[in-house]
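Chemist: Using the working numbering, the first residue of the sequence shown is number 3, and each one after it goes up by one.
For glycine and all other residues, C-beta sits at the position ideal for the given N, C-alpha and C.
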Amino acid sequence: MGILMDLREYLGLCAIALLLPTGAVGQELPSPGERVRVWGPVPSMDLMVNEKRESELSAIRGDTLVFEMPRSGTPVAVAQDRIRRLDVRRPRSPSRGAWLGAATGLAFGFVAGLVFVNVVCSSGDGECAGGVEDFYVAMIFGGAGAGAGAVVGHAYPGKRWEPVELER
3 MGILMDLREY LGLCAIALLL PTGAVGQELP SPGERVRVWG PVPSMDLMVN EKRESELSAI
63 RGDTLVFEMP RSGTPVAVAQ DRIRRLDVRR PRSPSRGAWL GAATGLAFGF VAGLVFVNVV
123 CSSGDGECAG GVEDFYVAMI FGGAGAGAGA VVGHAYPGKR WEPVELER
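Have a look at this one:
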(Lines of atoms letter the chains of each structure in order from A and count residues from 1; the text may use other names and numbers.)
(Lines give C-alpha, C1' and ligand atoms only; values in the text may rest on other atoms or scores of the structure.)
Protein backbone atom coordinates (compact mmCIF):
# COMPACT_ATOMS: atom_id res chain seq x y z
CA MET A 1 0.00 0.00 0.00
CA GLY A 2 2.93 2.33 0.74
CA ILE A 3 4.30 2.12 -2.80
CA LEU A 4 0.90 2.80 -4.31
CA MET A 5 0.42 5.88 -2.07
CA ASP A 6 3.88 7.19 -3.00
CA LEU A 7 3.02 6.71 -6.66
CA ARG A 8 -0.26 8.64 -6.25
CA GLU A 9 1.54 11.49 -4.50
CA TYR A 10 4.20 11.58 -7.23
CA LEU A 11 1.62 11.62 -10.03
CA GLY A 12 -0.34 14.33 -8.22
CA LEU A 13 2.76 16.50 -7.94
CA CYS A 14 3.53 15.93 -11.63
CA ALA A 15 -0.01 16.99 -12.56
CA ILE A 16 0.32 20.15 -10.46
CA ALA A 17 3.68 20.94 -12.05
CA LEU A 18 2.13 20.63 -15.52
CA LEU A 19 -0.58 23.12 -14.61
CA LEU A 20 1.80 25.78 -13.32
CA PRO A 21 2.65 28.52 -15.85
CA THR A 22 6.23 28.46 -17.10
CA GLY A 23 6.37 32.06 -18.29
CA ALA A 24 5.09 35.32 -16.99
CA VAL A 25 1.74 36.50 -18.29
CA GLY A 26 2.04 39.73 -20.22
CA GLN A 27 5.12 39.05 -22.30
CA GLU A 28 6.84 41.79 -24.25
CA LEU A 29 5.49 42.95 -27.61
CA PRO A 30 6.05 40.48 -30.43
CA SER A 31 8.80 41.05 -32.96
CA PRO A 32 8.04 41.63 -36.64
CA GLY A 33 7.59 38.29 -38.38
CA GLU A 34 5.99 36.54 -35.39
CA ARG A 35 2.56 34.93 -35.62
CA VAL A 36 -0.11 36.75 -33.57
CA ARG A 37 -3.81 36.45 -32.68
CA VAL A 38 -5.72 39.72 -32.53
CA TRP A 39 -9.11 40.27 -30.86
CA GLY A 40 -11.33 43.19 -31.97
CA PRO A 41 -13.11 45.43 -32.16
CA VAL A 42 -10.87 46.62 -34.95
CA PRO A 43 -13.07 47.90 -37.78
CA SER A 44 -10.20 48.18 -40.24
CA MET A 45 -9.57 44.44 -39.91
CA ASP A 46 -13.26 43.47 -40.19
CA LEU A 47 -13.32 41.94 -36.72
CA MET A 48 -16.43 41.64 -34.65
CA VAL A 49 -16.32 42.11 -30.86
CA ASN A 50 -15.83 38.41 -30.02
CA GLU A 51 -13.93 37.44 -33.12
CA LYS A 52 -10.22 36.79 -33.39
CA ARG A 53 -7.92 36.80 -36.37
CA GLU A 54 -4.50 35.21 -36.85
CA SER A 55 -1.95 37.21 -38.73
CA GLU A 56 1.75 37.97 -38.99
CA LEU A 57 3.13 41.12 -37.42
CA SER A 58 4.89 43.18 -40.11
CA ALA A 59 6.12 46.18 -38.13
CA ILE A 60 5.72 48.26 -34.97
CA ARG A 61 5.51 52.02 -35.46
CA GLY A 62 5.19 53.83 -32.14
CA ASP A 63 1.90 52.70 -30.62
CA THR A 64 0.68 51.22 -33.90
CA LEU A 65 1.02 47.59 -34.95
CA VAL A 66 1.12 46.71 -38.64
CA PHE A 67 -0.29 43.30 -39.55
CA GLU A 68 -0.14 41.41 -42.82
CA MET A 69 -3.53 39.99 -43.68
CA PRO A 70 -3.35 36.21 -44.25
CA ARG A 71 -5.05 35.83 -47.61
CA SER A 72 -4.38 39.12 -49.34
CA GLY A 73 -1.02 40.02 -47.79
CA THR A 74 -2.29 43.60 -47.44
CA PRO A 75 -0.70 45.50 -44.53
CA VAL A 76 -3.16 46.89 -41.98
CA ALA A 77 -2.10 49.41 -39.32
CA VAL A 78 -3.97 49.30 -36.00
CA ALA A 79 -3.43 51.43 -32.90
CA GLN A 80 -2.78 49.39 -29.76
CA ASP A 81 -5.72 50.98 -27.92
CA ARG A 82 -8.10 49.54 -30.57
CA ILE A 83 -6.96 45.97 -29.88
CA ARG A 84 -8.81 44.20 -27.08
CA ARG A 85 -6.32 41.34 -26.73
CA LEU A 86 -3.12 40.20 -28.43
CA ASP A 87 -1.43 36.78 -28.19
CA VAL A 88 1.86 35.74 -29.76
CA ARG A 89 2.84 32.20 -30.81
CA ARG A 90 6.17 31.29 -29.22
CA PRO A 91 8.03 28.00 -28.84
CA ARG A 92 7.64 25.96 -25.67
CA SER A 93 10.73 25.16 -23.68
CA PRO A 94 12.10 21.64 -24.33
CA SER A 95 11.65 20.74 -20.65
CA ARG A 96 7.96 21.75 -20.78
CA GLY A 97 7.57 19.67 -23.94
CA ALA A 98 9.21 16.72 -22.18
CA TRP A 99 6.79 16.98 -19.22
CA LEU A 100 3.77 17.18 -21.49
CA GLY A 101 5.07 14.28 -23.58
CA ALA A 102 5.74 12.18 -20.47
CA ALA A 103 2.25 12.80 -19.08
CA THR A 104 0.63 11.94 -22.40
CA GLY A 105 2.84 8.87 -22.86
CA LEU A 106 2.07 7.68 -19.33
CA ALA A 107 -1.67 7.89 -19.93
CA PHE A 108 -1.57 6.17 -23.31
CA GLY A 109 0.90 3.53 -22.10
CA PHE A 110 -1.19 2.73 -19.04
CA VAL A 111 -4.32 2.29 -21.15
CA ALA A 112 -2.36 0.20 -23.67
CA GLY A 113 -1.13 -1.99 -20.81
CA LEU A 114 -4.67 -2.55 -19.56
CA VAL A 115 -5.83 -3.42 -23.09
CA PHE A 116 -2.87 -5.79 -23.52
CA VAL A 117 -3.67 -7.59 -20.24
CA ASN A 118 -7.34 -7.93 -21.21
CA VAL A 119 -6.50 -9.26 -24.69
CA VAL A 120 -4.02 -11.81 -23.33
CA CYS A 121 -6.44 -12.92 -20.59
CA SER A 122 -9.44 -13.20 -22.90
CA SER A 123 -7.55 -15.22 -25.52
CA GLY A 124 -6.94 -18.07 -23.06
CA ASP A 125 -3.34 -18.48 -24.22
CA GLY A 126 -1.65 -16.64 -21.36
CA GLU A 127 -1.69 -16.96 -17.63
CA CYS A 128 -3.83 -14.33 -16.00
CA ALA A 129 -3.05 -13.56 -12.42
CA GLY A 130 -5.58 -10.74 -12.23
CA GLY A 131 -5.79 -7.96 -9.69
CA VAL A 132 -2.61 -6.17 -8.64
CA GLU A 133 -0.40 -7.95 -11.18
CA ASP A 134 -2.49 -6.56 -14.03
CA PHE A 135 -2.04 -3.10 -12.56
CA TYR A 136 1.75 -3.62 -12.46
CA VAL A 137 1.78 -4.66 -16.12
CA ALA A 138 -0.19 -1.53 -17.00
CA MET A 139 2.26 0.58 -14.97
CA ILE A 140 5.22 -0.93 -16.86
CA PHE A 141 3.55 0.00 -20.15
CA GLY A 142 2.79 3.44 -18.70
CA GLY A 143 6.42 3.92 -17.68
CA ALA A 144 7.61 2.96 -21.14
CA GLY A 145 5.07 5.34 -22.67
CA ALA A 146 6.19 8.14 -20.33
CA GLY A 147 9.82 7.63 -21.31
CA ALA A 148 9.04 7.63 -25.01
CA GLY A 149 6.74 10.64 -24.62
CA ALA A 150 9.40 12.59 -22.73
CA VAL A 151 11.96 11.98 -25.48
CA VAL A 152 9.55 12.99 -28.24
CA GLY A 153 8.25 15.98 -26.25
CA HIS A 154 11.81 17.21 -25.64
CA ALA A 155 12.73 16.83 -29.31
CA TYR A 156 9.52 18.46 -30.58
CA PRO A 157 8.23 20.77 -27.81
CA GLY A 158 5.73 22.58 -30.01
CA LYS A 159 4.49 26.14 -29.65
CA ARG A 160 1.99 27.91 -27.43
CA TRP A 161 -0.01 31.13 -27.44
CA GLU A 162 1.20 33.65 -24.85
CA PRO A 163 -0.79 36.78 -23.97
CA VAL A 164 0.92 40.12 -24.54
CA GLU A 165 0.33 43.16 -22.32
CA LEU A 166 -0.49 46.11 -24.56
CA GLU A 167 0.40 49.67 -23.69
CA ARG A 168 -2.76 51.70 -23.13
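Looking at C-alpha atoms only, which residue of 146, 116, 95, 151 is the closest neighbour of residue 134?
Modeler: Along the sequence shown, read from residue 1 onward, the residue named residue 134 stands at position 132. Minimum Cα distance to residue 134 is reached at 116.
Chemist: Leaving aside the five residues before and after residue 92 along the sequence, list all residues of the same chain whose C-beta is less than 6 Å from its C-beta, in chain order.
Modeler: Stepping through the sequence shown from its first residue, residue 92 is reached at position 90. Around residue 92: 164.
Chemist: Looking at the unbroken alpha helix (DSSP H) that takes in residue 142, where does it start and where does it end?
Modeler: Position 140 of the sequence shown holds residue 142. Looking at the DSSP string, the run of the alpha helix (DSSP H) that includes residue 142 is 134-157.
Chemist: Shorter than 8 Å, the distance from the beta carbon of residue 144 to the closest heavy atom of the ligand GTP, or not?
Modeler: Of ligands this structure carries none, so the ligand GTP is not represented either.
Chemist: Quickly, what does DSSP pair residue 165 with across the bridge? List them, please.
Modeler: As a working note, residue 165 is residue 163 in the sequence shown. According to DSSP, which records beta bridges pairwise, residue 165 is partnered with 89.
Chemist: Just the C-alpha distance for residue 110 and residue 74, rounded to the nearest angstrom, thanks.
Modeler: The sequence position of residue 110 within the sequence shown is 108, counting from 1. The sequence position of residue 74 within the sequence shown is 72, counting from 1. Using only the alpha carbons, I get a separation of about 42 Å.
Chemist: Nearest to residue 154 by alpha carbon, out of 82, 78, 108, 66?
Modeler: In the sequence shown, the residue the question calls residue 154 occupies position 152. Residue 154 has its Cα closest to that of 108, out of 82, 78, 108, 66.
Chemist: Is the separation between the beta-carbon of residue 159 and that of residue 98 shorter than 9 Å?
Modeler: Walking along the sequence shown from the start, residue 159 turns up at place 157. Walking along the sequence shown from the start, residue 98 turns up at place 96. Contact: yes.
Chemist: Helix, strand or coil: how does DSSP classify residue 37 here?
Modeler: What you label residue 37 is simply residue 35 of the sequence shown in a count that begins at 1. Looking at residue 37 - three-state DSSP - the assignment turns out to be strand.
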